[in-house]
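**Q** Here this note's numbering runs 39 ahead of the position in the sequence shown, where the first position is 1. I'd like to ask some things about the structure below.
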Amino acid sequence: MTFKFYTYEEILNIKTSSFLELQYCKLKKGSSIIKIVSVDRIEHKKIDSLYVLFTDITSFQKYYEQVFNCGIYNNLKSGYLDIFGINYYKKALISNLITEIEKNKLPDYETICDWLKKSLEYNGVYILGI
């Protein structure tokens with residue numbers, strides 16, 4: 040369901056933007072939420088991101104929508120996974136997300152949880168929509 044790029048050449052060769060990107064938020068701790076969810080601050084196609092292809096988005100949404108139900112959107116509202124926008128999850132939520140995913144053994148849970156554990160070094164995570 041998820042995959043990684045291993046080189047920048049692989050990223051540059053992708054000919055579509057029809058995927059979700061799970062990306063670390065590398066802005067400084069204490070950055071304002073307005074800055075964190077600003078479209079101008081988002082840089083797509085990072086080498087350390089996880090990706091969900093368009094063909095797998097429906098499955099990802101089906102299994103993970105109930106877990107990723109607390110994202111902050113670009114308009115500063117919060118809710119379920121928006122597959123067309125910016126979803127930001129604070130660092131303080133990451134341990135709970137990992138626990139919920141591991142408890143339910145959702146598809147691809149080991150890959151996603153390992154990636155989320157690494158996110159504890161950063162200021163949360165994004166799920167960036169199509």
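Backbone N, C-alpha and C define an ideal beta-carbon position, used for all residues, glycine too.
(1) Do three or more CB pairs link the stretch 86-100 to the stretch 124-133 at distances below 8 Å?
(2) Quick one, which of Val76, Phe123 and Ile81 has its alpha-carbon nearest Leu59's?
(3) Taking the continuous beta strand (DSSP E) assigned at Leu59, which residues delimit it?
(4) In this structure, what does DSSP give as the bridge partners for Val164?
(5) DSSP on Ser71, reduced to helix/strand/coil?
(6) Out of Lys84, Cys109 and Asn114, which has the shortest C-alpha to C-alpha gap to Gly163?
(7) Just the Cα atoms here: how many angstroms apart are Val76 and Tyr63?
**A** Working from what's here:
(1) A contact between stretches requires three or more CB pairs, one per stretch, nearer than 8 Å, and the stretch 86-100 fails this requirement with the stretch 124-133.
(2) For the purposes of this step, residue 59 is identified with residue 20 of the sequence shown, where counting begins at 1. Per the Cα distances, Phe123.
(3) Locating residue 59 in the sequence shown gives position 20, counting from the first residue. Unbroken beta strand (DSSP E) run through Leu59: Phe58 to Tyr63.
(4) Working through the sequence shown from its first residue, we reach residue 164 at position 125. DSSP output for Val164 lists Tyr63 and Tyr128 as bridge partner(s).
(5) For the purposes of this step, residue 71 is taken as the residue at position 32 of the sequence shown. Coil.
(6) If you number the sequence shown from 1, residue 163 lands on position 124. Nearest of Lys84, Cys109 and Asn114 to Gly163, Cα basis: Cys109.
(7) Position 37 of the sequence shown, counted from the first residue, corresponds to residue 76. Position 24 of the sequence shown, counted from the first residue, corresponds to residue 63. C-alpha separation (whole angstroms): 12 Å.
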